[in-house]
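Student:
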Amino acid sequence: MYALIDGNNFYVSCERVFRPSLNNIPVVVLSNNDGCAIARSNEAKALGIKMGAPWFQIRHLQESAGLVALSANFALYGDMSDRMMSLIGGLGHTQEVYSIDESFVELSGIPGDLVERGHRMRERILRWTGLPTCIGMGATKTLAKLANHVAKTAERKPGSYPPHLAAVCHLGALAAHELQAVFAATAVTEVWGIGPRIGRQLQEAGVSTVQELTQLDPASVRRRWSVVLERTVRELQGLPCIALEDCPPAKQEIACTRSFGQAVTELQPLEEAITSFASRAAEKLRRQDSLAAQILTFIRTSPFRADRQYSRSILVPLERPSSDTAVLVQAALAGLHAIYRPGYKLAKAGVMLLDLCPTSLVQEELALAHDPPPDRSRLMAALDSLNQRYGRGTILMGSGGTGNQPKLWTMKQERRTPRYTTRLADIPVAAA
DNA sequence: TCTGGGGTCCTAGGACCC
DNA sequence: TCTGGGGTCCTAGGACCC
Numbered sequence: 248m249y250a251l252i253d254g255n256n257f258y259v260s261c262e263r264v265f266r267p268s269l270n271n272i273p274v275v276v277l278s279n280n281d282g283c284a285i286a287r288s289n290e291a292k293a294l295g296i297k298m299g300a301p302w303f304q305i306r307h308l309q310e311s312a313g314l315v316a317l318s319a320n321f322a323l324y325g326d327m328s329d330r331m332m333s334l335i336g337g338l339g340h341t342q343e344v345y346s347i348d349e350s351f352v353e354l355s356g357i358p359g360d361l362v363e364r365g366h367r368m369r370e371r372i373l374r375w376t377g378l379p380t381c382i383g384m385g386a387t388k389t390l391a392k393l394a395n396h397v398a399k400t401a402e403r404k405p406g407s408y409p410p411h412l413a414a415v416c417h418l419g420a421l422a423a424h425e426l427q428a429v430f431a432a433t434a435v436t437e438v439w440g441i442g443p444r445i446g447r448q449l450q451e452a453g454v455s456t457v458q459e460l461t462q463l464d465p466a467s468v469r470r471r472w473s474v475v476l477e478r479t480v481r482e483l484q485g486l487p488c489i490a491l492e493d494c495p496p497a498k499q500e501i502a503c504t505r506s507f508g509q510a511v512t513e514l515q516p517l518e519e520a521i522t523s524f525a526s527r528a529a530e531k532l533r534r535q536d537s538l539a540a541q542i543l544t545f546i547r548t549s550p551f552r553a554d555r556q557y558s559r560s561i562l563v564p565l566e567r568p569s570s571d572t573a574v575l576v577q578a579a580l581a582g583l584h585a586i587y588r589p590g591y592k593l594a595k596a597g598v599m600l601l602d603l604c605p606t607s608l609v610q611e612e613l614a615l616a617h618d619p620p621p622d623r624s625r626l627m628a629a630l631d632s633l634n635q636r637y638g639r640g641t642i643l644m645g646s647g648g649t650g651n652q653p654k655l656w657t658m659k660q661e662r663r664t665p666r667y668t669t670r671l672a673d674i675p676v677a678a679a
């Protein structure tokens, strides 16, 4: 038995904890670069704002409907997430932190009324962190996800499901006819693992509700679609096919990519950007104690513009696996020089570290032709601790440009709230 | 004017091996 | 005249997730 707990409209809810004036009004949180809406309050959803809606298309709602938009404040959301996750751990034996706002919890053998336990957990999270949540429970992870969808929808849209399923929904506790009614009232596109593409194909095959999906034969689903969809069908039928991952595996690739605040055509600002992306990626790599054997650099124009398009990437193999910022930056810049062409309005660039392996498993080599490169792991450790203590960007590679002058390529963040919980200077002051 | 970032898994097809 | 079968590894691309 599994539970899935997630924060309602998570980023918006984090902002509301520190700015109660945002309660009961339409609020969206914008993606990096203030590009599009990535979180919406219920009031914003009611205005018809879709997930991912470009900001320039909805900004008129500021005047006409009192919409408030905020730039994403990931330092705040990450810290609020840590607080919420540590509470959620108390719900069962093992916990998988699935995303910034979701956890699966294994519930087998937990005595007592699970629905009541779920309601108590919601109340505790709300009282201790200020964050509203919903909880779904079921025999498999896919059913728990589905139950969570039912819990949220029943709360937000009265009449869509029986009211006693709001906020906490345990599919395993329903009578058979009640479960079938829930399945019949839910579209296949709400199922975890079914995206727009497969959803369309299912509907063309006459399968539009979860109830119809659960009646398909898994083997035929595998032949017609794939083993992935077969697992989804079996999970909906109650057979666990996806295990809980209580200790997250090391990443197999690490990326740092950004859209620019404004178009870039010159090489020099691109070098600064690529330097900073590679440095940041190297930092993440060292945090998981791994080395990269290849690095990919890419640049591209905006596919939304009518301008001449340019999009290229290049994979640069390293002589030996490394997590050294200088080595990775140098390789990334070599890649950039190979693919850069003047005259294009570039909108985005990025760096990806590939072919990762744990530092402890790296293949040693015979020093035949020349001496091995100097070991700079202590230098990197010092760099990381300085940047952690005094703030990101305290120590930079020279090709990243000096920290003082404003950079045209950095992203737009015109509406970011303070880092209330992670910077001393930003801690809110309570008036007496 | 203006459209995010960071991941995973699966499959098909080519190259190569014996 | 007549040219196999079985396997692995790698890569690119598709689909999905939040």
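Under my numbering, the first residue of the first sequence is numbered 248, with each subsequent residue one higher.
For each residue, glycine too, the CB sits at the ideal point set by N, CA and C.
1) Ordered along the chain, which non-local residues of its own chain (more than five positions away) have a Cβ less than 6 Å from that of residue 431?
2) The beta strand (DSSP E) with residue 545 in it runs from where to where?
3) What's the call for residue 273, buried or exposed, on a 16-neighbour Cβ count within 10 Å?
4) Here's the rule: buried if 16 or more other CB atoms are within 10 angstroms of the residue's CB, otherwise exposed. What is residue 527?
5) Just list the alpha helix (DSSP H) runs in the region 271–331, keeping only unbroken ones of 4 residues or longer that don't cross its boundaries, in chain order.
6) Measure from the alpha carbon of residue 349 to the alpha carbon of each residue in 359, 366, 355 and 378, then state which is nearest.
7) Three-state secondary structure (DSSP) at residue 564?
8) What's the C-alpha gap between residue 440 and residue 483?
9) Leaving aside the five residues before and after residue 663 along the sequence, list all residues of the same chain whose C-beta is less than 6 Å from its C-beta, in chain order.
10) Alpha carbon to alpha carbon, what distance is there between residue 282 and residue 576?
11) In its own chain, which residues sit with a C-beta less than 7 Å from the C-beta of residue 355, not counting the 5 before and 5 after it?
12) Given that a residue counts as buried once 16 or more other Cβ atoms are within 10 Å of its Cβ, and exposed if not, what is residue 438?
13) From residue 488 to residue 395, what distance separates their C-alpha atoms?
14) In chain order, what residues of the same chain lie with their CB nearer than 6 Å to the CB of residue 660, ignoring the 5 residues before and after it?
15) Of the residues 599, 415 and 453, which one's Cα is nearest the Cα of residue 391?
16) Determine the burial state of residue 417: buried for a count of at least 16 other Cβ atoms within 10 Å of its Cβ, exposed for fewer.
17) Who pairs with residue 404 in a beta bridge, going by DSSP?
18) Please specify which runs of the beta strand (DSSP E), each continuous and at least 3 residues long, are wholly inside the region 557–635, giving them in chain order.
19) Whose CA, out of 361, 337 and 611, lies closest to the CA of residue 371?
20) Three-state secondary structure (DSSP) at residue 503?
21) What's the gap between the Cα of residue 339 and the Cα of residue 298?
Tutor: Inspection of the coordinates gives the following:
1) Counting from one through the first sequence, the residue named residue 431 turns up at place 184. The answer, listed in chain order, is 456 and 458.
2) Translated into the one-based positions of the first sequence, residue 545 becomes position 298. Run containing residue 545: 537–548, per the beta strand (DSSP E) assignment.
3) As a working mapping, residue 273 is identified with position 26 in the first sequence. Residue 273 comes out buried.
4) Your numbering for residue 527 matches position 280 in the first sequence. Buried is the call here.
5) 289–293, 302–305 and 308–312
6) Residue 349 sits at position 102 when you count from the first residue of the first sequence. Comparing Cα positions, the closest option is 378.
7) Counting from one through the first sequence, the residue named residue 564 turns up at place 317. If DSSP states are grouped into helix, strand and coil, residue 564 belongs with the strands.
8) Translated into positions along the first sequence, residue 440 becomes position 193. Translated into positions along the first sequence, residue 483 becomes position 236. Roughly 11 Å separates the two Cα atoms.
9) Locating residue 663 in the first sequence gives position 416, where the first residue counts as 1. Answer for residue 663: 318 and 320, listed in chain order.
10) Reading the first sequence from its first residue, position 329 is the one you call residue 576. Reading the first sequence from its first residue, position 35 is the one you call residue 282. Taking the straight line from one Cα to the other gives about 28 Å.
11) Counting from one through the first sequence, the residue named residue 355 turns up at place 108. Excluding positions up to five away in sequence, the list reads 248.
12) Within the first sequence, residue 438 is the residue found at index 191, counting from 1. Result: buried.
13) Locating residue 488 in the first sequence gives position 241, counting from the first residue. Locating residue 395 in the first sequence gives position 148, counting from the first residue. Whole-angstrom Cα-Cα distance: 19 Å.
14) Your numbering for residue 660 matches position 413 in the first sequence. Result list for residue 660: 318, in chain order.
15) Numbered from 1 along the first sequence, position 144 holds the residue referred to as residue 391. For the residues 599, 415 and 453, the minimum Cα distance to residue 391 belongs to 415.
16) Here residue 417 refers to the residue found at position 170 when the first sequence is read from its first residue. Per the 10 Å Cβ criterion, buried.
17) Working through the first sequence from its first residue, we reach residue 404 at position 157. None; residue 404 has no bridge partner.
18) 558–569 and 593–605
19) Your numbering for residue 371 matches position 124 in the first sequence. The shortest C-alpha separation from residue 371 is found at 337.
20) Residue numbering aside, residue 503 sits at position 256 when the first sequence is read from its first letter. Strand at residue 503.
21) Working through the first sequence from its first residue, we reach residue 339 at position 92. Working through the first sequence from its first residue, we reach residue 298 at position 51. Computed Cα separation, rounded: 32 Å.
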